[in-house]
Each structure stands twice: as structure tokens, then as C-alpha cells.
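Residue numbers (the numbering used here): 4 to 97.
Beneath this line is the structure, given in C-alpha cells, with notes to follow.
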Amino acid sequence: MTDVLDADDIAAALPDGWHHDADTDEIARTFEFDSYLEGVGFAAGAGGLAEEAFHHPTMTVEWREVEVRLTTHDAGGVTEKDLDLAGRLNELAD
Numbered sequence: 004m005t006d007v008l009d010a011d012d013i014a015a016a017l018p019d020g021w022h023h024d025a026d027t028d029e030i031a032r033t034f035e036f037d038s039y040l041e042g043v044g045f046a047a048g049a050g051g052l053a054e055e056a057f058h059h060p061t062m063t064v065e066w067r068e069v070e071v072r073l074t075t076h077d078a079g080g081v082t083e084k085d086l087d088l089a090g091r092l093n094e095l096a097d
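Encoded structure:
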């Protein structure tokens, strides 16, 4: 099992644009796009990256934005897996 990170470790390693939601022990980011279809395309690509990593985020697709929330459920909090996938999702969005 992967070790859960404490709030200081999470803050030090969060990729740009992400924040730690201490209430739910998740990291989250809302990605913005010029159109709904761009957001849907991002969500599809994010799903592919998540499947490769066998790590599945919660994604909410809305008009011109996609919110992504990550936590490692079986570990009970945020782990390196979450931070790694967050970084990969930033790369996908760029």
C-alpha cells in the first residue's frame, strides 16, 4: 500500500493550479477551456491517463470547465499516486 502524505508534504509537492481540500482529503483543480467539447476531449484524455495509472479520479464536466478530484481511496488519503497523476493531467491540459 502507498503511504498517505501529510498536509505539509502535499503543499510542498502540489503541481501548479491544484489545491488540497483538507475536508475531503483530496487534491483538486478546475481546468478551463474555450468550449464544452474541448473540456470533454480533455476528460477523455484524462480517463486514458488514469486507466494507464490504474488510478481513477472524480471528474465533473461542465460548460467550459472540468473539475478533477484525486485521492487514493484504498490508502485513505492523498499519496504520491495522486500527485503524479495531477502532474500528468497538467501536461495534458497544456
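We put the beta carbon where it would ideally sit given N, CA and C, even for glycine.
Would you identify the three-state DSSP class for residue i, choosing helix, strand or coil?
| i | result |
| --- | --- |
| phenylalanine 45 | helix |
| glycine 80 | strand |
| aspartate 6 | coil |
Using a threshold of 7 Å, state whether the C-beta atoms of residue i and residue j are closer than that.
| i | j | result |
| --- | --- | --- |
| arginine 64 | isoleucine 30 | Residue identity check: residue 64 is valine in the sequence provided, not arginine. Result no, Cβ atoms of valine 64 and isoleucine 30 do not sit closer than 7 Å. |
| leucine 88 | alanine 16 | no |
| tyrosine 39 | tryptophan 21 | no |
| valine 69 | alanine 53 | no |
Bridge partners for residue i per DSSP, in chain order?
| i | result |
| --- | --- |
| isoleucine 30 | His23 and Leu73 |
| glutamate 94 | Paired residues: none, contrary to the question. |
| glutamate 68 | Glu35 and Glu65 |
On the DSSP letters alone, give me the boundaries of the beta strand (DSSP E) that residue i sits inside.
| i | result |
| --- | --- |
| valine 64 | 61-65 |
Would you kindly work out how many angstroms separate the C-alpha atoms of residue i and residue j, rounded to a whole number?
| i | j | result |
| --- | --- | --- |
| histidine 76 | aspartate 26 | 14 Å |
| threonine 33 | alanine 10 | 20 Å |
| valine 71 | threonine 61 | 6 Å |
I need the boundaries of the alpha helix (DSSP H) containing residue i, first residue and last residue.
| i | result |
| --- | --- |
| aspartate 12 | 10-16 |
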